[in-house]
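To keep things clear, I will list the structure first and then write my remarks on it.
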Amino acid sequence: MSAKSQLCLHEFILLGYQEHSVLLFSIFLIIYLAILLGNGLIVAVTTLDPALHTPMYFFLRSLSGLEMCYISVTLPKMMANLATGQRSISLPACAAQMFFLLFLGATECFLLAAMAYDRYLAICLPLHYMTIMSLRVRVGMVVGSFAISLPVQLLQIGMIFSLPFCGPSKIDHFFCDIPPVLSLACADLYANELAVYTENVLFVIVPFGLILASYAHITRTILRMPSSTGRQKAFSTCSAHLTLVSLFYGSAMLVYLRPQTSDSVKVDKVLSLLYTVVIPLCNPLIYTLRNREVKAALSRLLGRKQSFILATG
Numbered sequence: 001m002s003a004k005s006q007l008c009l010h011e012f013i014l015l016g017y018q019e020h021s022v023l024l025f026s027i028f029l030i031i032y033l034a035i036l037l038g039n040g041l042i043v044a045v046t047t048l049d050p051a052l053h054t055p056m057y058f059f060l061r062s063l064s065g066l067e068m069c070y071i072s073v074t075l076p077k078m079m080a081n082l083a084t085g086q087r088s089i090s091l092p093a094c095a096a097q098m099f100f101l102l103f104l105g106a107t108e109c110f111l112l113a114a115m116a117y118d119r120y121l122a123i124c125l126p127l128h129y130m131t132i133m134s135l136r137v138r139v140g141m142v143v144g145s146f147a148i149s150l151p152v153q154l155l156q157i158g159m160i161f162s163l164p165f166c167g168p169s170k171i172d173h174f175f176c177d178i179p180p181v182l183s184l185a186c187a188d189l190y191a192n193e194l195a196v197y198t199e200n201v202l203f204v205i206v207p208f209g210l211i212l213a214s215y216a217h218i219t220r221t222i223l224r225m226p227s228s229t230g231r232q233k234a235f236s237t238c239s240a241h242l243t244l245v246s247l248f249y250g251s252a253m254l255v256y257l258r259p260q261t262s263d264s265v266k267v268d269k270v271l272s273l274l275y276t277v278v279i280p281l282c283n284p285l286i287y288t289l290r291n292r293e294v295k296a297a298l299s300r301l302l303g304r305k306q307s308f309i310l311a312t313g
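Position one of the sequence shown corresponds to residue 1 (the numbering used here), numbered consecutively onward.
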């Protein structure tokens, strides 16, 4: 194929699901609003309640803010496609969507590792916890999570979208993800596949290994506690984070690290909904329904708001 024909492709078509558009739009709209409301509520409660100005809730606030940004990368475009039937996306828009998806996803990997380290310090080194996990340190960990992923993802996107795309233009997915986009390139993909593998090791395997190491120490410390009440309390502080880690890393590893087969496209579409939609939806549920401090802070916040309304009414 000539160079001219290779350069003629200026947009992709996101197929997604082409049936039941009205029903899917309604479901995704409800989910999107629930995610923004739930995670926004966590940000508000952990910001406004002084009792929650601790390192653990600082990281939870950062995670909730990240989840709201993460879901906004994909879900609004998915809903627009379902509402209008116009499924096209330009190459620059596709590149931007993929960049923010990878950038925020990689940041979340390191942020979850930072939260595991926070739990390790709180349980294994409680006397030194507040000294080590100072405001400067935790701000540095959050900023560092963003800073580490930014240049790598810029390089990754540059490598992918410098490839020639000569058709077909249809992406059998909800959004611009690496595997379906690379499958449309008409060039040698060895360097890109090597870059994807290296990135997976850096942003998935390494943080996951740090999380496992942290919880290995945490488990050993908890099992040595003489009091069953203390052990139960320590486990309860880690259960929400462990649940989120299992869902996020489990789905991400299945998408990016498993061998590609003939059924990979269908499986990837289902798994992508898990880590881009279901997990941000579950985050506020996991951290509020199973956390007495957050529920108590939410009650205090709503109580103050009701008192203010009654006083000004």
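A virtual CB, placed ideally from N, CA and C, is assigned to each residue, including glycine.
Residue interval of the alpha helix (DSSP H) (run including residue i)
i    : result
F146 : 135–160
L29  : 21–48
I205 : Where I205 is concerned, there is no enclosing alpha helix (DSSP H), given that its DSSP letter is neither H nor E.
C69  : 55–84
A225 : Just to set this straight, residue 225 is Met in the shown sequence, not Ala. Segment: none, M225 is in no alpha helix (DSSP H) and carries neither H nor E.
Y129 : 129–132
Backbone CA spacing between residue i and residue j [nearest angstrom]
i    : j    : result
C109 : Y117 : 13 angstroms
E11  : L75  : 19 angstroms
S272 : C166 : 26 angstroms
L60  : K295 : 14 angstroms
R231 : L102 : 37 angstroms
Y120 : L23  : 44 angstroms
P50  : Y57  : 11 angstroms
L14  : L82  : 11 angstroms
A297 : D172 : 44 angstroms
T47  : S183 : 44 angstroms
V45  : F203 : 30 angstroms
E67  : N39  : 7 angstroms
S32  : M78  : It is worth fixing the name first, because residue 32 is Tyr in this sequence and not Ser. One C-alpha to the other measures close to 11 angstroms.
Y70  : L36  : 11 angstroms
C94  : V181 : 9 angstroms
E199 : Y249 : 14 angstroms
S169 : L163 : 14 angstroms
F308 : K269 : Residue placement at F308 is flagged as unreliable, the pLDDT there being 48, under the threshold of 50; a coordinate-derived value is accordingly withheld.
Paired residues, beta bridge with residue i - DSSP
i    : result
E11  : S90
F165 : A185
S170 : Note on residue identity: the sequence assigns Lys, not Ser, to residue 170. Bridge partners of K170: I13.
Item to check | Inter-stretch contact (C-beta, 8 angstroms, three-pair minimum) for the stretch 220–227 and the stretch 268–279 | outcome: no
Checklist entry - Hey, is the stretch 140–152 in contact with the stretch 232–247, meaning 3+ C-beta pairs nearer than 8 angstroms? => result no
Checklist entry - Contact between the stretch 204–221 and the stretch 185–195: three or more CB pairs below 8 angstroms? => result no
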